[in-house]
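S.K.: Heads up, the final residue of the sequence shown is numbered 185 in the numbering used here, and it's a clean run with no missing numbers. Glycine is no exception: its CB is placed at the ideal position from the N, C-alpha and C atoms.
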Amino acid sequence: MPSFAEKARQAQDEKRAGREEKDPADLSGAQEPDWSNPDSWGGGDSDAGDSASENAGRSAGGNDGQEPEPAAPPKRSSPASTGRSRAPRRRGRPRGPERVPLTVRILPPTDRKLTVAVEQTGLNPQTLVEDALEAYFRRLKIQDPGAETGSEGAA
31 MPSFAEKARQ
41 AQDEKRAGRE
51 EKDPADLSGA
61 QEPDWSNPDS
71 WGGGDSDAGD
81 SASENAGRSA
91 GGNDGQEPEP
101 AAPPKRSSPA
111 STGRSRAPRR
121 RGRPRGPERV
131 PLTVRILPPT
141 DRKLTVAVEQ
151 TGLNPQTLVE
161 DALEAYFRRL
171 KIQDPGAETG
181 SEGAA
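Encoded structure:
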């Protein structure tokens with residue numbers, strides 16, 4: 031008695047035979063490519079080429095038959111050489127203040143409270159945490175040590 035897999039394979043073979051379709055995994059009758067001639071590797075049919083080298087020049091927009099757009103001219107200077115820290119952004123949302131990346135872990139109750147605060151205030155977690163830290167620093171009378179160094183250079 032044939033197994034389920036054998037029955038499925040037979041049914042698939044019958045469907046392919048009805049459509050005159052070859053099993054893509056069947057290598058019987060396949061010819062060894064001429065390894066010394068890379069032009070012959072495409073299978074011989076110019077329309078059936080799906081190699082990376084044939085697709086390298088094509089765009090994903092489906093513009094077959096059209097001239098490809100010229101490549102963007104190379105940038106002449108890097109942001110470091112012009113004195114800027116970053117290249118100018120494209121038009122859209124303005125860049126916020128410079129931030130220092132920081133990773134912290136908070137307890138689940140604190141996370142739940144932060145979520146409620148975000149929902150109630152409409153502010154994002156970044157703003158809420160910065161405001162809370164600033165209020166805490168004011169309560170402890172902690173000043174920004176970087177503010178003092180800025181005034182020393184001006185004297």
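For residue 173, which of helix, strand or coil comes out of DSSP?
M.R.: Three-state result, residue 173: coil.
S.K.: Quick check on the DSSP output: the alpha helix (DSSP H) that includes residue 43 runs from which residue to which?
M.R.: Start and end: 34-49.
S.K.: Rounded to whole angstroms, what's the CA-CA distance from residue 188 to residue 147? Just pull it up for me.
M.R.: Lying outside 31 to 185, the shown extent of the chain, residue 188 is not represented and no answer is given.
S.K.: To the nearest whole angstrom, what separates the beta carbons of residue 144 and residue 131, a pair I think is in contact under 8 Å?
M.R.: Contact doesn't hold; Cβ gap of about 19 Å is too wide.
S.K.: Tell me which residue opens and which closes the alpha helix (DSSP H) that residue 147 is part of.
M.R.: Run containing residue 147: 138-151, per the alpha helix (DSSP H) assignment.
S.K.: Residues in the same chain with beta-carbon distance under 8 Å from residue 185, minus the five sequence neighbours each way, listed in chain order, please.
M.R.: Bear in mind that a pLDDT of 46 at residue 185, under 50, signals an unreliable position, so the number given afterwards is only what the model happens to contain. Result list for residue 185: empty, nothing under 8 Å.
S.K.: Can residue 64 and residue 58 be called in contact, C-beta distance under 8 Å?
M.R.: The answer is no: Cβ separation not under 8 Å.
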